[in-house]
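Visitor: Take 49 as the starting number for the sequence shown in the working numbering and just add one per residue.
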Amino acid sequence: MAWIEPAIATYGVWALLLILYFESFGAPLPGESALIAASLLAARGDLAIGHVFLAAWAGAVLGDSTGYLIGRFGGRPLLIRFGSLVKLTPDRLAKLEQTVKTKGFFMVLTARFVVVLRQLNGLIAGSTGMPWPHFVVANALGAMLWAGLWSFGPYVFTDAFRRLI
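#1: What would DSSP say about PRO76, mapped onto helix, strand or coil?
#2: Closest to PHE205 by C-alpha separation, out of ARG92, ILE172 and TRP194, would be which residue?
#3: Use the C-beta contact count for PRO181: other C-beta atoms within 10 angstroms, 16 or more gives buried, fewer gives exposed.
#4: Measure the C-alpha to C-alpha separation of ASP111 and GLY131 and round it to an integer number of angstroms.
#5: Give me the Cβ distance between GLY170 and PHE73, rounded to the nearest whole Å; I'm assuming they're in contact under 8 Å.
#6: Let's test the definition: count the other Cβ atoms within 10 Å of the Cβ of ARG210 and tell me whether it reaches 16, buried, or not, exposed.
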């Protein structure tokens with residue numbers, strides 16, 4: 049994880065965007081840590097906080113959308129074929145699909161705040177057939193809330209923590 053801050057300091061918000069893009073469709077990357085590091089660099093004056101937020105939002109939305117498309121066009125057959133390896137029986141798959149139908153919007157909106165769900169969010173939504181318009185709106189709103197929290201939170205509260213220490 050020691051490479052995060054130097055990468056963002058060297059390549060700016062483009063590095064952040066790429067880290068969050070790949071993390072959002074399943075790559076095991078430290079997206080939240082990268083976002084916090086970028087926010088702290090912005091608090092120090094090395095980056096513009098608005099650019100940090102926009103890169104985080106864009107990377108998250110584009111990554112989840114890529115995951116959705118992967119899930120939509122190839123995920124269901126893989127779930128049926130290999131689901132038993134992760135204890136996803138046909139009954140559990142049917143329940144998951146029903147949950148996506150009834151609570152999919154809220155699920156996509158909030159999944160970004162849970163570590164493993166953040167990476168699998170788009171893949172699951174696409175694989176279970178969530179309608180694209182519902183996914184796009186929930187994904188954009190969820191990414192906005194998440195990026196706002198982890199961009200502006202550390203940026204605003206850095207001075208308060210300094211005073212405490």
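We put the beta carbon where it would ideally sit given N, CA and C, even for glycine. All figures in this text were calculated on a predicted structure; none of them were measured in a lab.
Guide: If we stick to the structure as given:
#1: coil
#2: ARG92
#3: exposed
#4: Here residue 111 is Gly; the residue named in the question, Asp, does not match the sequence. Taking the straight line joining both Cα atoms gives about 23 Å.
#5: With a beta-carbon spacing of about 6 Å, GLY170 and PHE73 fall inside the 8 Å limit used to define contacts.
#6: exposed
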